[in-house]
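One structure is given here, and the rest of the page talks about it.
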Amino acid sequence: MNIENAQVQMRKGILEFCILHIISRGEVYASDMLDELTSAQIMVVEGTLYPLLTRLKNSGWLDYKWVESSSGPPRKYYVLTNEGKIFLDAMQATWFELAQSVQTIIHRTEELSNTDSTILPDPN
Numbered sequence: 001m002n003i004e005n006a007q008v009q010m011r012k013g014i015l016e017f018c019i020l021h022i023i024s025r026g027e028v029y030a031s032d033m034l035d036e037l038t039s040a041q042i043m044v045v046e047g048t049l050y051p052l053l054t055r056l057k058n059s060g061w062l063d064y065k066w067v068e069s070s071s072g073p074p075r076k077y078y079v080l081t082n083e084g085k086i087f088l089d090a091m092q093a094t095w096f097e098l099a100q101s102v103q104t105i106i107h108r109t110e111e112l113s114n115t116d117s118t119i120l121p122d123p124n
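Mapping of the sequence shown onto full-length UniProt numbering: position 101 corresponds to residue 101, and the numbering continues sequentially without gaps.
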C-alpha cells in the first residue's frame, strides 16, 4: 500500500464522524458539506457522500427536509435526530480516547528516537 492509499483510508475512517459534526450545527445542504470537507482536506466526492448520508439516515441518525429554492429545484437539508445526537456524543468520546492514545504512542516513539541507541554498553 502506498502513502496515498493509507491517507485515503485514514480519512474514510473519520468521514462519518466529521459529517455528523457538520450536521450537528443545524440544517445543512449536501453541497455545503462537500465544500467544508474539501476545505478541511478530507477529500470526498458526491459519489461517496450521498450513499453515506443515506446510510446514516437509514440508521436513524439523520433526517432531512425539502426546502424550496429560488434558484432551481427544492434542496434537501439534513439534520441530526435525537438518536444521531446520542450516537455523535458516543463517537466524540471515542475520538478523544483514540486521539489521546495515538498521541501517547507518538510521544513515546519520539522520546525513544531522541535517545542515542547506537552506543552499545561496554561489556567489560
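Cβ coordinates follow ideal geometry from the N, Cα and C atoms, glycine included.
Between residue 52 and residue 15, the gap from beta carbon to beta carbon is short of 8 Å. Inclusion of residue 37 and residue 84 in the CB contact set at 8 Å is not warranted, their separation being larger than that value. Within the DSSP bridge table, the entry for residue 65 names 77 as partners.
Residue range 82-114 is occupied by the alpha helix (DSSP H) that includes residue 91. Less than 8 Å separates the beta-carbon of residue 87 from that of residue 61. If you draw a 10 Å sphere on the C-beta of residue 50, you find fewer than 16 other C-beta atoms in it, and that means exposed.
When the five nearest sequence neighbours on each side are left out, the beta carbons in the same chain lying within less than 8 Å of the beta carbon of residue 30 are those of 46, 49, 50, 53, 76 and 78, in order along the chain.
Annotation for residue 13: the continuous alpha helix (DSSP H) segment containing it runs 3-24. Residue 47 sits in a helix when the DSSP states are folded into three classes. Contact check for residue 22 against residue 33 passes: the beta carbons are separated by less than 8 Å.
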